[in-house]
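Colleague: Here the protein sequences line up with chains A and B, keeping their order. Under my numbering, the residue at position 264 of the first sequence is numbered 877, and the numbers go up by one with no gaps. Under my numbering, the residue at position 196 of the second sequence is numbered 328, and the numbers go up by one with no gaps.
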Amino acid sequence: MALRIRMPKTKMARREAMEGYLFILPWILGFLIFRLGPMLYSLFLSFTDYAARGAPQFIGLENYTYMFTKDPRFLDSLRSTLAFVVGYLPLNLALGLAIALLMNQRVRGITGFRAIYYLPAVTSGVAVAILWQFVFHKQWGILNAILSVFGAQPIGWLVDPKWVMVAFVIMSIWGVGGSMIIYLAGLQSIPTELYESASIDGANGVRKFWHITLPMLTPTIFFVLITGLIAAFQIFESAYIMTGGGPNYATYFFGLNIYFTAFQSLRFAYASTLAWMLFAIIAALTIFVFTTSRRWVFYAGAREDA
Amino acid sequence: MPREDVMATETQLYTPSTAAARRTSGLRLSRRRVIHTSLTYALLLFGSVLLMVPFFWMLSTSLKTLAEVQTWPIVWIPSNAVWENYPAVFQKTPFARYIMNSLVIAIGGIIGTLIGSSLAGFGFARLRFPGRNVLFFLNLTTLMLPAWVVIVPHFMMFSAVGWLDTYLPFIVPAFFGNAFYIFLFRQWFMGVPGELEDAARIDGCSTFRIFAQIFMPLAKPVIATVAIFAFFYYWNDLLYPLVYLQSQMKFPVSLGLRMFQTANAGVVDMPKMMAASMMALLPCVVIFFFAQRLFVQGVVMTGVEK
Chain A
614 MALRIRMPKT KMARREAMEG YLFILPWILG FLIFRLGPML YSLFLSFTDY AARGAPQFIG
674 LENYTYMFTK DPRFLDSLRS TLAFVVGYLP LNLALGLAIA LLMNQRVRGI TGFRAIYYLP
734 AVTSGVAVAI LWQFVFHKQW GILNAILSVF GAQPIGWLVD PKWVMVAFVI MSIWGVGGSM
794 IIYLAGLQSI PTELYESASI DGANGVRKFW HITLPMLTPT IFFVLITGLI AAFQIFESAY
854 IMTGGGPNYA TYFFGLNIYF TAFQSLRFAY ASTLAWMLFA IIAALTIFVF TTSRRWVFYA
914 GAREDA
Chain B
133 MPREDVMATE TQLYTPSTAA ARRTSGLRLS RRRVIHTSLT YALLLFGSVL LMVPFFWMLS
193 TSLKTLAEVQ TWPIVWIPSN AVWENYPAVF QKTPFARYIM NSLVIAIGGI IGTLIGSSLA
253 GFGFARLRFP GRNVLFFLNL TTLMLPAWVV IVPHFMMFSA VGWLDTYLPF IVPAFFGNAF
313 YIFLFRQWFM GVPGELEDAA RIDGCSTFRI FAQIFMPLAK PVIATVAIFA FFYYWNDLLY
373 PLVYLQSQMK FPVSLGLRMF QTANAGVVDM PKMMAASMMA LLPCVVIFFF AQRLFVQGVV
433 MTGVEK
């Protein structure tokens, strides 16, 4: 990107510009040292054979051809990550919206409900993963205990390859309050006049939802979709704690694959290749969503195309 | 609603029959409303119970004996609460030490984050300099960059300067600002009226004094929001401690819990594991309930203003 810097003409404006650069200087340095530099370096590493010792030797596209043609773990992590994203993301979008709509009605005690629904979304980390590991326990876990009331046989949630992805989606959906709270904020920013004038025109609740709520909410849906997409592809902690990638690599998500490749096998170069692959997938999907957004995201106040 | 009543009384003066009809239809409407509201409550309550079950399970398990954990049908509420499980955690692991370590990382990280992010946020919001928009856009794009792409170079970098197994890799980068928090500060500073700044300038205040003595005191809600978000991040983070730390006495709570988990594979010491997890979650839950408003505010600022 060519940055054409035209310095301002007056002395005062020049002074302001210098001060501006001074204020963002830490960020610029941080961007170069901790973002751009490492990013380019890992791209470079992905074309080498570097394995934590000696000097990196350039080996061209070897890592990439190995990844695409020979590495079974790459396919495992691709399959499991996509399965998780496909299972989790739409459910999170829809359920978050449904709960937000429910909560957006003028009901008493709303702050209490909001806190209860939001709490699981802000608690994360090892403690929560350990907790869920025990919730999913085949013999002594509470989930199977509840299901047994309905006559279900105990399920090996984290040891059965058929069920383990369902378990991860359930656990992640527990944090649906995160998207709910964003939707709620979006809902509350819709001007009430829109609903009032629709009522005067005789629109019922369903029509109001499809013709006012949903279009006005598309920027929020867009935001939840993009952030959810980026986060879901990077799932790591819960799998690292609960399954370690198993059973039989069914939850060997991209993050786990990169972590194990880099810090257990010390194959730094190949880990960088995998990381760039993940980055490429996330970037491609994000850009794809952005380009389609022109068709379905409605910005109030923006000029309508004729 | 009151307006409808007025209309009803007005009509009553002229045509009593229609007024009666109106009144009954109003009554029917309110009955429908009652059903509607109770349904909303029922759904919200049902969801709340579902979401709270894991927390309940955690608390209940943490107060059980080993025998009570391994029984079928499961014990919902332990007959005798074994509070000793909690102090036992401190005997079995250096848990107090873990907590101290987590606090050191979190406090250092928060201070750095606040300084770096507010400076850049102010620069981007209030000072005009060439390339400002491009640079800010660049800042936002880094939000999309997965940590996985830079983790290997970061490790190599910190290893080269001898920072492994210290807290420097957690704290030092924080001072260079964080893309998301820079965004939050910028949004807030942009909303501050220009008159304040102008008046201070006429009085001969330097830009840094305007930032430190006028803008920062006005930004208390953002400071609090960022501090809390950052606390949650550092407190819960597992990946970086896993990569950067080696000696157990330097582990934060997240990594300490992981150690505890691998040392007690299976259900062997579930009650104590749950007790430890409860204690790891407690600070987050307490902060959440006291600062719920700030959380919601932070979300509103990001989600809606897109």
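Glycine residues also receive a C-beta, built at the ideal position from the N, C-alpha and C atoms.
In terms of alpha-carbon separation, which member of B:P403, B:N368, B:V166 and B:K404 lies closest to B:L387?
Modeller: Translated into positions along the second sequence, residue 387 of chain B becomes position 255. The residue with the shortest Cα to Cα distance from B:L387 is B:N368.
Colleague: Examine the Cβ distances between the stretch 747-762 of chain A and the stretch 812-822 of chain A and report whether three or more of them are shorter than 8 Å.
Modeller: As far as the Cβ criterion goes, the stretch 747-762 of chain A does not touch the stretch 812-822 of chain A, which means the pair count is below three.
Colleague: Going along chain A, which residues have a C-beta under 9 Å from B:G248?
Modeller: To locate residue 248 of chain B, count along the second sequence from 1; it is residue 116. Chain A residues near B:G248: P639, W640 and G643.
Colleague: Pick out the complete alpha helix (DSSP H) segments inside the stretch 154-228 of chain B, 4 residues or longer, and give them in chain order.
Modeller: If we require 4 residues or more, the alpha helix (DSSP H) runs fully inside the stretch 154-228 of chain B come out as 198-201 and 217-224.
Colleague: Indicate whether the contact test is met: 3 or more Cβ pairs, each with one atom in the stretch 829-844 of chain A and one in the stretch 638-657 of chain A, closer than 8 Å.
Modeller: Short answer: they don't touch.
Colleague: Check each residue of the stretch 312-325 of chain B: if its Cβ is closer than 8 Å to any Cβ of chain A, include it; give the result in chain order.
Modeller: Hits within the stretch, in order: I314.
Colleague: Taking CB distances under 8 Å as the criterion, tell me whether B:T169 reaches chain A.
Modeller: Counting from one through the second sequence, the residue named residue 169 of chain B turns up at place 37. Chain A, which has a Cβ nearer than 8 Å to the Cβ of B:T169, makes this yes.
Colleague: Output, in chain order, the set of chain A residues within a Cβ distance shorter than 7 Å of B:V428.
Modeller: As a first step, residue 428 of chain B is located in the second sequence; it is residue number 296 there, counting from the start. Ordered by position in chain A, the residues that pass the 7 Å Cβ test against B:V428 are I794.
Colleague: When you compare only the Cα positions, how much space is there between B:A228 and B:Q393?
Modeller: Along the second sequence, read from residue 1 onward, the residue named residue 228 of chain B stands at position 96. Along the second sequence, read from residue 1 onward, the residue named residue 393 of chain B stands at position 261. Straight-line Cα distance between these residues: approximately 17 Å.
Colleague: Express the C-alpha separation of B:M276 and A:S659 in angstroms, rounding to a whole number.
Modeller: Start at 1 with the first residue of the first sequence, and residue 659 of chain A comes out as number 46. Start at 1 with the first residue of the second sequence, and residue 276 of chain B comes out as number 144. Rounded to whole angstroms, A:S659 to B:M276 spans 20 Å at the Cα level.
Colleague: Compute the Euclidean distance between the alpha carbons of A:L706 and B:R341, then round it to the nearest angstrom.
Modeller: In the first sequence, residue 706 of chain A corresponds to position 93, counting from 1. In the second sequence, residue 341 of chain B corresponds to position 209, counting from 1. One C-alpha to the other measures close to 45 Å.
Colleague: How is A:F763 classed by DSSP in three states: helix, strand or coil?
Modeller: Start at 1 with the first residue of the first sequence, and residue 763 of chain A comes out as number 150. DSSP places A:F763 in coil when its eight states are reduced to three.
Colleague: Starting from A:H824, follow the alpha helix (DSSP H) in both directions and report where the run begins and ends.
Modeller: Position 211 of the first sequence, counting from 1, holds the residue named residue 824 of chain A. Where A:H824 is concerned, there is no enclosing alpha helix (DSSP H), given that its DSSP letter is neither H nor E.
Colleague: Could you tell me whether the Cβ of B:F347 comes closer than 8 Å to any Cβ of chain A?
Modeller: For the purposes of this step, residue 347 of chain B is taken as residue 215 along the second sequence, with counting starting at 1. So no, B:F347 is outside the interface.
Colleague: To the nearest angstrom, report how far apart A:S906 and B:P262 are at their CA atoms.
Modeller: By one-based count along the first sequence, residue 906 of chain A stands at place 293. By one-based count along the second sequence, residue 262 of chain B stands at place 130. Straight-line Cα distance between these residues: approximately 30 Å.
Colleague: Excluding sequence positions up to five away, which residues of its chain have a Cβ less than 8 Å from the Cβ of A:V739?
Modeller: Position 126 of the first sequence, counting from 1, holds the residue named residue 739 of chain A. Answer for A:V739: E850 and I854, listed in chain order.
Colleague: Below 7 Å between beta carbons is the criterion; list the residues of the stretch 762-795 of chain A that meet it against any residue of chain B, in chain order.
Modeller: Here the close residues are W787, I794 and I795.
Colleague: Taking the beta carbon of A:P733 as the centre, do at least 16 other beta carbons fall within 10 Å, making it buried, or is it exposed?
Modeller: Position 120 of the first sequence, counting from 1, holds the residue named residue 733 of chain A. By the neighbour-count rule (16 or more Cβ atoms within 10 Å), A:P733 is buried.
Colleague: For B:F307, would you say it is in contact with chain A, using Cβ-to-Cβ distances shorter than 8 Å as the test?
Modeller: As a position in the second sequence, residue 307 of chain B is number 175, starting the count at 1. Yes, B:F307 lies at the interface with chain A (some Cβ there is under 8 Å from its Cβ).
Colleague: Counting only Cβ-Cβ distances shorter than 9 Å, please list the residues of the stretch 872-890 of chain A near chain B, keeping chain order.
Modeller: Of all residues in the stretch 872-890 of chain A, Y872, A875, F876, F881, A882, A884, S885, L887, A888 and W889 have a Cβ within less than 9 Å of some Cβ in chain B.
Colleague: Is the beta carbon of B:F343 sitting closer than 8 Å to the one on B:N233?
Modeller: The residue given as residue 343 of chain B occupies position 211 in the second sequence. The residue given as residue 233 of chain B occupies position 101 in the second sequence. No.
Colleague: Against B:R260, what residues of chain A qualify as contacts under a CB-to-CB distance less than 9 Å, listed in chain order?
Modeller: Along the second sequence, read from residue 1 onward, the residue named residue 260 of chain B stands at position 128. Ordered by position in chain A, the residues that pass the 9 Å Cβ test against B:R260 are P621, A626, E629, A630 and G633.
Colleague: Please identify the residue among B:Q378, B:L246 and B:I206 whose C-alpha is closest to the C-alpha of B:I360.
Modeller: Along the second sequence, one-based indexing puts residue 360 of chain B at 228. The shortest C-alpha separation from B:I360 is found at B:L246.
Colleague: Between the alpha carbons of B:Q223 and B:D401, how many angstroms are there, rounded?
Modeller: Walking along the second sequence from the start, residue 223 of chain B turns up at place 91. Walking along the second sequence from the start, residue 401 of chain B turns up at place 269. Computed Cα separation, rounded: 14 Å.
Colleague: Residues in its own chain within less than 6 Å of B:I167 by CB, not counting five upstream and five downstream?
Modeller: Taking the second sequence and counting its residues from 1, one reaches residue 167 of chain B at position 35. No residues qualify anywhere along the chain.
Colleague: Indicate the three-state DSSP secondary structure (helix, strand or coil) for A:F920 in the structure shown.
Modeller: Within the shown structure, residues of chain A are numbered from 614 to 919, placing residue 920 of chain A beyond reach of any answer.
Colleague: Kindly indicate which three-state DSSP category B:T394 falls into: helix, strand or coil?
Modeller: Looking up residue 394 of chain B in the second sequence gives position 262. Of the three classes helix, strand and coil, the one that applies to B:T394 here is helix, per DSSP.
Colleague: Please identify the residue among A:I646, A:F687 and A:T623 whose C-alpha is closest to the C-alpha of A:Y872.
Modeller: Locating residue 872 of chain A in the first sequence gives position 259, counting from the first residue. The option with the nearest alpha carbon to A:Y872 is A:F687.
Colleague: Select from A:I895, A:Q801, A:T805 and A:S737 the residue whose C-alpha is nearest the C-alpha of B:F363.
Modeller: As a first step, residue 363 of chain B is located in the second sequence; it is residue number 231 there, counting from the start. The candidate whose alpha carbon is nearest that of B:F363 is A:S737.
Colleague: If we cut at 8 Å on Cβ distances, does A:T905 have a partner in chain B?
Modeller: In the first sequence, counting from the first residue as 1, residue 905 of chain A sits at position 292. Judged by the 8 Å Cβ criterion, A:T905 is not in contact with chain B.
Colleague: Between A:L714 and A:L800, what straight-line distance do the alpha-carbon atoms span, to the nearest angstrom?
Modeller: By 1-based counting over the first sequence, the position of residue 714 of chain A is 101. By 1-based counting over the first sequence, the position of residue 800 of chain A is 187. Rounded to whole angstroms, A:L714 to A:L800 spans 8 Å at the Cα level.
Colleague: Please check if any C-beta of chain B sits within less than 8 Å of the C-beta of A:Y730.
Modeller: Start at 1 with the first residue of the first sequence, and residue 730 of chain A comes out as number 117. With 8 Å as the cut-off, A:Y730 counts as an interface residue toward chain B.
Colleague: Using the beta-carbon of each residue, which ones in chain B are nearer than 9 Å to A:E806?
Modeller: The residue labelled residue 806 of chain A in the question sits at position 193 within the first sequence. The premise fails here: A:E806 is roughly 16 Å from chain B at the closest Cβ pair, so nothing lies under 9 Å.
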